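Below you'll find the structure, written out as structure tokens, and then a few comments.
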Amino acid sequence: GTHAPMCQVQGCAADLSKAKHYHRRHKVCEIHSKAPNVIANAQTQRFCQQCSRFHPLSEFDDTKRSCRKRLADHNRRRRK
């Protein structure tokens, strides 16, 4: 049958069956979607709010929650 989606962060057993649609769809619990760093796919990563997926920390500036690439695109559009 259909099994409940679970957070993809290592060691997190959060049951997402009652979570918001967003968190179910991206397989991340609310806590880890906002965490500064997590272990996912055996490496330290952070959930990108723009891409809705995990990236290595090297793709972020400081404590930002959106990767550098997406922020650059966003800023370029704003300047036009």
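The opening position of the sequence shown corresponds to residue 15 in the working numbering, with each subsequent residue numbered one higher. Cβ atoms here follow ideal geometry from the backbone N, Cα and C, with glycine treated the same way. Fair warning: this is a prediction, and the values are worked out from it, not measured in the lab.
Here the alpha carbon of Ala54 sits roughly 18 angstroms from the alpha carbon of Gln64.
Sixteen is the threshold: when 16 or more other Cβ atoms of the shown chains lie within 10 Å of the Cβ of Leu30, as they do, the residue is buried. From the listed residues Ser72, Arg91, Arg67 and Arg90, the smallest Cα separation to Val42 is found for Arg67. In this structure, His46 and Cys26 form a Cβ contact; the two beta carbons are roughly 6 angstroms apart against a cut-off of 8 angstroms. Classified as exposed, His35 has fewer than 16 neighbouring CB atoms from the shown chains inside 10 Å of its CB.
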